[in-house]
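A.B. asks:
In UniProt numbering, the protein residues as written are 1 to 453.
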């Protein structure tokens, strides 16, 4: 028995020693090959992203696969399609880094170097396409453009992209201002704590001179109704604020599933009420409020714009005026329960009911914008990417068609953004700057039409 134990002990020590040696050898091998492996991974991923950005139709063929990592894919594809100049810089850095570490001594790296060089040319092609795409956007927006079209020249826009490198930012910002009035915080201490966390907004513009009467843009962030905050970057929104022609209020609000819809809409209504009362203090026009939202925030912006003074969405403030003068929608999710039969994802409508409406079918119907569409609705502008794989551009096209059916064709303006992906707006590019300028012009144009009536 003792001999058996000794044999097992010797075997365990021998096995452990050799396993440790092999582990050390493998670790050293991986570390010495890490630059090569890193370069192969980077060259492959970045090149595939460039191919996808250049060929959105190819991506749409693999939509079920893309949706398995939807958010990551959206950000990656949007980054390549919006800021290819930064991808070029990164590629050149990796090529230089790999050369220093001798990566190209390995023959296996040569095909990936060739792939990298080809994708560099692809990035230049994306830049060229961006210039073309902006002109396509300008042509669609021509009926309501208020500024000199030279502002949309590719060179001028590219200069604007890099302007923060040498130009001092003129934006002035008040952060985390509370938009709940004292009379709205009387229910109980628990609700009061919740409202303190979510009922805030950032207010920014190039200045707040009293009496300037700037149109107020209330921004509603996206995030599938269940995540995100007003701190998410939005280059379209900041372009609008930097124009000096609008006052921006970017809000936080209660999120599902903890607070099912219509809680978010009730909060947005409260923000509208607060904005009307406080507008003069910031140089805003209380009679010219535009809602703005991206993705699910686009749905909330549209719904809030269409449901002025409807008591179901105005908890504790049933008599307050919550009318607005329009809404700007970025890649908006306008059909959450798939009434247009656009989405082919099984269970999407039931997910919305379950995750965002607390399983309440009546609430899901209550918060569908189609229930409130009419020829008297406020004007709407949608800036939607044709390459959006998360919220199909058919959402906006179907809404435009529905508006035409009910006699409100002039109330829905659609600017299709060629090759733009779902979260294009988070990157500062010539396309997003152009989109911001187009949105400002649309607001000014609609304001003039209202005053002329």
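A virtual CB, placed ideally from N, CA and C, is assigned to each residue, including glycine.
1. At the level of alpha carbons, what is the spacing between residue 137 and residue 415?
2. Give the single residue among 123, 253, 319 whose Cα lies nearest to the Cα of residue 230.
3. Our contact map puts residue 247 next to residue 217 with C-beta atoms below 8 Å; I'd like the distance itself, whole angstroms only.
4. Measuring straight from C-alpha to C-alpha, what distance separates residue 220 and residue 444?
5. For residue 184, which of helix, strand or coil comes out of DSSP?
6. Taking 8 Å as the cut-off, does the region 319 to 331 touch the region 383 to 401 (at least 3 CB pairs, one atom from each stretch)?
7. Would you mind reading off the limits of the alpha helix (DSSP H) that contains residue 124?
8. Could you have a look at residue 451 and say whether DSSP puts it in helix, strand or coil?
9. Would the region 109 to 117 and the region 399 to 417 be scored as touching if the rule is three or more Cβ pairs under 8 Å?
10. From the DSSP secondary-structure annotation, give me the bridge partner or partners of residue 412.
11. Buried or exposed for residue 282, going by 16 or more other Cβ atoms inside 10 Å?
12. Give the straight-line distance between the Cα atoms of residue 403 and residue 289, rounded to the nearest whole angstrom.
13. Once the 5 residues before and after residue 245 are set aside, which same chain residues still bring their CB inside 7 Å of it?
14. What does a CB cutoff of less than 7 Å around residue 207 pick up in its chain, not counting 5 residues either side in sequence?
15. From residue 279 to residue 211, what does the alpha carbon distance come to, in whole angstroms?
16. Let me make sure I understand the geometry here. Which of 151, 146, 119 has the alpha-carbon closest to that of residue 134?
17. Return the Cβ separation of residue 91 and residue 55 in integer angstroms, given the expectation that the two are a contact with Cβ distance under 8 Å.
18. Going by the DSSP bridge assignment, what does residue 204 pair with across the sheet?
19. Can you find at least 3 beta carbon pairs, one from the region 152 to 167 and one from the region 86 to 101, that sit closer than 8 Å?
20. Quick one: using the 10 Å Cβ neighbour count with 16 as the cut-off for buried, is residue 143 buried or exposed?
21. Under the assumption that residue 261 contacts residue 357 (Cβ atoms under 8 Å), give the Cβ distance between them as a whole number of angstroms.
22. Need the endpoints of the beta strand (DSSP E) that residue 286 sits in, please.
23. How about residue 432 and residue 232: are their beta carbons less than 7 Å apart?
24. Shortest alpha-carbon distance to residue 374 belongs to which of 291, 447, 401?
25. Quick one: what does DSSP say residue 334 is sitting in, helix, strand or coil?
26. What residue range is occupied by the uninterrupted beta strand (DSSP E) comprising residue 216?
27. Using a threshold of 7 Å, state whether the C-beta atoms of residue 308 and residue 322 are closer than that.
28. Return yes when the Cβ of residue 50 is within less than 7 Å of the Cβ of residue 423, no when it is not.
29. Are residue 241 and residue 438 touching if we call contact CB-CB under 7 Å?
30. When the cut-off is 7 Å and only beta carbons count, does residue 414 lie next to chain B?
31. Ignore the nearest five residues each way along the sequence and tell me which others in residue 103's own chain have a CB closer than 6 Å to its CB.
32. Alpha carbon to alpha carbon, how far is residue 263 from residue 222?
33. Could you check whether residue 291 and residue 369 sit closer than 7 Å to each other, using their CB atoms as the reference points?
34. Note down, in chain order, each residue of its chain lying with its Cβ closer than 7 Å to the Cβ of residue 156, except the 5 sequence neighbours on either side.
C.D. replies: Short version:
1. Here residue 137 corresponds to residue number 137 of the chain shown, with the count starting at 1. Here residue 415 corresponds to residue number 415 of the chain shown, with the count starting at 1. Cα-Cα distance, rounded: 6 Å.
2. Sequence index remark: in the chain shown, residue 230 carries index 230 (1-based). The shortest Cα separation from residue 230 among 123, 253, 319 belongs to 253.
3. Translated into the one-based positions of the chain shown, residue 247 becomes position 247. Translated into the one-based positions of the chain shown, residue 217 becomes position 217. Confirmed, about 7 Å.
4. By 1-based counting over the chain shown, the position of residue 220 is 220. By 1-based counting over the chain shown, the position of residue 444 is 444. Looking at the two C-alpha atoms, the distance is approximately 20 Å.
5. Residue numbering aside, residue 184 sits at position 184 when the chain shown is read from its first letter. Residue confidence for residue 184 is low, a pLDDT of 48 falling below 50, so the modelled location carries little weight; the figure read from the coordinates is stated next. Three-state result, residue 184: helix.
6. yes
7. The residue labelled residue 124 in the question sits at position 124 within the chain shown. Per DSSP, residue 124 belongs to the alpha helix (DSSP H) from 110 to 141.
8. Taking the first residue of the chain shown as 1, we reach residue 451 at position 451. It is helical.
9. no
10. Locating residue 412 in the chain shown gives position 412, where the first residue counts as 1. Partner(s): 380.
11. Here residue 282 is taken as the residue at index 282 of the chain shown, counted from 1. Buried.
12. Locating residue 403 in the chain shown gives position 403, counting from the first residue. Locating residue 289 in the chain shown gives position 289, counting from the first residue. Going by the C-alpha atoms only, they are around 22 Å apart.
13. Taking the chain shown and counting its residues from 1, the one referred to as residue 245 is at position 245. Here the set comprises 214, 440, 444.
14. Looking up residue 207 in the chain shown gives position 207. Closer than 7 Å at Cβ, skipping near neighbours: 172.
15. Taking the first residue of the chain shown as position 1, residue 279 is located at position 279. Taking the first residue of the chain shown as position 1, residue 211 is located at position 211. Rounded to the nearest angstrom, the gap between the Cα atoms of residue 279 and residue 211 is 10 Å.
16. Taking the first residue of the chain shown as 1, we reach residue 134 at position 134. Of 151, 146, 119, the residue nearest in Cα terms is 151.
17. By 1-based counting over the chain shown, the position of residue 91 is 91. By 1-based counting over the chain shown, the position of residue 55 is 55. Their Cβ separation, rounded to whole angstroms, is 19 Å, which puts residue 91 and residue 55 out of contact at 8 Å.
18. Numbered from 1 along the chain shown, position 204 holds the residue referred to as residue 204. DSSP output for residue 204 lists 173, 248 as bridge partner(s).
19. Because the criterion of three Cβ pairs below 8 Å is not met, the region 152 to 167 and the region 86 to 101 do not touch.
20. What you label residue 143 is simply residue 143 of the chain shown in a count that begins at 1. Only exposed fits residue 143, as fewer than 16 other CB atoms lie within 10 angstroms of its CB.
21. By 1-based counting over the chain shown, the position of residue 261 is 261. By 1-based counting over the chain shown, the position of residue 357 is 357. With 8 Å as the limit, residue 261 and residue 357 qualify as a contact, their Cβ atoms being about 5 Å apart.
22. Counting from 1 along the chain shown, the entry for residue 286 is found at position 286. Per DSSP, residue 286 belongs to the beta strand (DSSP E) from 284 to 294.
23. Here residue 432 refers to the residue found at position 432 when the chain shown is read from its first residue. Here residue 232 refers to the residue found at position 232 when the chain shown is read from its first residue. Against a cut-off of 7 Å, the Cβ pair of residue 232 and residue 432 comes out as no contact.
24. Residue 374 sits at position 374 when you count from the first residue of the chain shown. For the residues 291, 447, 401, the minimum Cα distance to residue 374 belongs to 401.
25. The residue given as residue 334 occupies position 334 in the chain shown. Reduced to three states, the DSSP call for residue 334 is coil.
26. Looking up residue 216 in the chain shown gives position 216. Membership of residue 216 in the beta strand (DSSP E) is indicated by the continuous run 214 to 220.
27. Taking the chain shown and counting its residues from 1, one reaches residue 308 at position 308. Taking the chain shown and counting its residues from 1, one reaches residue 322 at position 322. The Cβ atoms of residue 308 and residue 322 sit closer than 7 Å to each other.
28. Here residue 423 is taken as the residue at index 423 of the chain shown, counted from 1. Here residue 50 is taken as the residue at index 50 of the chain shown, counted from 1. Cβ distance not < 7 Å, so residue 423 and residue 50 don't count as in contact.
29. Here residue 241 corresponds to residue number 241 of the chain shown, with the count starting at 1. Here residue 438 corresponds to residue number 438 of the chain shown, with the count starting at 1. No, these two residues do not count as a Cβ contact at 7 Å.
30. The chain inventory of the structure shown lacks chain B, comprising one protein chain alone.
31. By 1-based counting over the chain shown, the position of residue 103 is 103. 35, 36, 39, 109.
32. Taking the chain shown and counting its residues from 1, the one referred to as residue 263 is at position 263. Taking the chain shown and counting its residues from 1, the one referred to as residue 222 is at position 222. Distance from the CA atom of residue 263 to the CA atom of residue 222, rounded to whole angstroms, is 15 Å.
33. As a first step, residue 369 must be located in the chain shown, where it is residue number 369. As a first step, residue 291 must be located in the chain shown, where it is residue number 291. No, they are not a contact pair.
34. The residue given as residue 156 occupies position 156 in the chain shown. 150, listed in sequence order.
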